[in-house]
Each structure stands twice: as structure tokens, then as C-alpha cells.
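Protein chains in written order, with my numbering: chain E, -5 to 160; chain H, -5 to 160. What follows is a short report on a single structure.
Right, dumping it as C-alpha cells:
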């Protein structure tokens, strides 16, 4: 598996699984009816953010975007989002992208990584982030309208990247 | 005190205290060097969001913006931001704006209100939201670079607006 910076040309391969994941309605609070252009503009980050693709045998099988979670006085905390082609689950693509993002954030000097909205019933993702060292800071009750389960919670998850002064 | 929808014309009175609060660096993770136009575009919400001003004796003394915290499958949770002219603290303006936002969100059918980033050392705000019924869901450690205190935590705060099914 290769992980490299995404280009605009990669969007044609990202968008099919992005749209499938969006339409399934199990993991992301994306705007309904998003066009391909709107989705690309959201997903392909600009500096200081960054978007990467995971490639196996020349095929884009996943993507991650990363950058500061907030501007200004919150910009020392990173955040990230991940999409893996549902047909390629179980191949370690999410894990590889997660490890890549953690390394990127550490090298870029971020103090920590925060995920703002991990669907609590997305157990594969929750376990994966916990395996990478993330812990659940708190859970906003019934904040996600899951397409199958209805209202479920959204976890805020957090991974420190350096020793705390305190 | 009157609270009414903000108009573009109100910006001339909002921006001086908005800029002062931004420059003080104690409460918001706003982009550094934000122009007045950029700040107005951020603060004056469009439908389904809404921005209001608080007026005393014809003078704009505070403002609040509100709307869905997330799009799509998270859009049943509201969020809001508040600015009160620092020269008019202690007059109950934040409380009145907070009560207004809670009523608005309830009537608009939101299930709950979430604040994503309340600076933990902003004790006046934390106490005010707790007085309105908000509770702290969790605190992201050292996520805010306070201009005087350095790294302090950001609370996620939450107020349910209806009985939970579960």
C-alpha cells in the first residue's frame, strides 16, 4: 500500500466511495444532496491542511484529510477525516491511513489530534482509533441520525502527541 | 433590552466589540488578522442559521449567532456563539441572549444545543451556561492557547431540549 498526497485528478476515484459512504448515512454528517464539486472542495484540503490517498495496485482504496481543528488559538490541535472504499474493508487501509495521519501531525508540530464526531455505533472506527491511542473525551447523546439505528451518540476523541506541561 | 434579528447595517456596531474580543484572545479561536468583511461573513448567519443583536437605549451591546451544529445527519443539534461588549459586562446581556437562543432552538425543533469550544477558564461563560442547564460533556485538554494563561482546556457543553426516547 502506498500513501501519497491526493491530487485533483484522484477525485474521480475518491468520489464513488465518498458518495457511497455519504449515501449510506452511517458515519458522516455531510450536507444532503452534495454535488461532486462541493464534495471535492470539502475533501481536498488546502495548506495548512492536507489530503492523502491510499493506493493498492494502482487503485485508490481510501483517503484521509487532515489539518488544524480550529483556526487561531486552537490551531495547535489537528483533526482528520477518513474514508475507505467499503469494498476494501478489512485490508488495514484505515489503520495505515490513521498511522500516517498521526505521524504527519506529530512531525508538523501539532500538540494533539481531536476527532469531533465519531459515531458511537461505528465500532470498527472507534476500536481503530483506540488502538492508535485515542481516548473518548465525551459523547454527545443522540447527536447523529443514523440511517438504520436512528439517534446515536457522537464521540469526541483525542490523542496527545507530546508530554503535557502540567 | 431588546433582542432582534441582526441586519448587515448592525455590523458597524458589532465589529468594534467583536474585534476587541478577538484581539484579547481569551475566548475564541478566530482566524488571526481577520478583516472586517471576513468577520462579518462569519458572524452574520444565513438561513437556517440566524444572528441577533441585543440593544439597550438604541445601542448594540451584544450579539449571538445560532444554527445547526452540523449539516445532514447532525442538523437536529443547534449551536451558538455569543459576544457581549466588554464595557457592558454585568448587565445580564449574555444571560438574555442565552435565554433567547434556547427558546429559538426549542421552537425551531432542535433536539439539543451543543457548544463545541467553551474556554474552561472563561468562568463567567461556563457558569452562565450551567445556569441555563448546560452540562459539560467533556473537556479537550490544552486545546486553547489563552493570551494570558497559555494552554487551557475547551469544554464541550450540551443542553437537551426534549425528553430522550431512551
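Backbone N, C-alpha and C define an ideal beta-carbon position, used for all residues, glycine too. Predicted model, so just to flag it, every value in this text is computed and none were measured.
Return the residue from the list the options that minimises the CA-CA distance to residue i.
i: residue 36/H; options: 139/E, 65/E and 95/E; result: 65/E
i: residue 39/H; options: 75/H, 152/H and 141/H; result: 75/H
i: residue 41/H; options: 4/H, 59/H, 93/H and 32/H; result: 59/H
i: residue 147/H; options: 57/H, 130/H and 157/H; result: 130/H
i: residue 230/E; options: 0/H, 113/H and 68/H; result: No answer is possible for residue 230/E: the residues shown for chain E start at -5 and end at 160.
i: residue 57/H; options: 145/H, 45/H and 63/H; result: 45/H
Name, in chain order, the residues that DSSP records as bridge partners for residue i.
i: residue 144/H; result: 140/H
i: residue 149/H; result: 112/H and 133/H
i: residue 87/E; result: In DSSP, residue 87/E forms no bridge with anything.
i: residue 48/H; result: -3/H and 56/H
Under the three-state reduction of DSSP, which class applies to residue i: helix, strand or coil?
i: residue 41/E; result: coil
i: residue 160/H; result: Since pLDDT at residue 160/H reaches only 47, below the 50 mark, its modelled position is unreliable, and the value read off the structure follows with that caveat. Looking at residue 160/H - three-state DSSP - the assignment turns out to be coil, as it is neither helix nor strand.
i: residue 95/E; result: helix
i: residue 11/E; result: helix
i: residue -4/H; result: strand
i: residue 3/H; result: helix
i: residue 102/E; result: coil
i: residue 155/E; result: coil
Of all the CB atoms in chain H, is at least one closer than 8 Å to the CB of residue i?
i: residue 12/E; result: no
i: residue 23/E; result: yes
i: residue 104/E; result: no
i: residue 88/E; result: no
i: residue 7/E; result: no
i: residue 94/E; result: no
i: residue 80/E; result: no
i: residue 26/E; result: yes
i: residue 41/E; result: no
i: residue 46/E; result: no
i: residue 161/E; result: This structure cannot settle anything about residue 161/E, because the visible part of chain E is limited to -5 through 160.
i: residue 54/E; result: no
i: residue 136/E; result: yes
Under a CB-based cut-off of 8 Å, is residue i close to chain E?
i: residue 66/H; result: yes
i: residue 2/H; result: no
i: residue 120/H; result: no
i: residue 112/H; result: no
i: residue 162/H; result: Residue 162/H is absent from the model: chain H starts at -5 and stops at 160.
i: residue 139/H; result: yes
i: residue 164/H; result: Here chain H comprises residues numbered -5 to 160, so residue 164/H is not present and cannot be evaluated.
i: residue 61/H; result: no
i: residue 19/H; result: yes
i: residue 71/H; result: yes
i: residue 152/H; result: yes
Hey, quick one: how far does the alpha helix (DSSP H) through residue i stretch, first residue to last?
i: residue 118/H; result: 117 to 125
Span of the beta strand (DSSP E) holding residue i?
i: residue 62/E; result: 53 to 62
i: residue 74/E; result: 71 to 78
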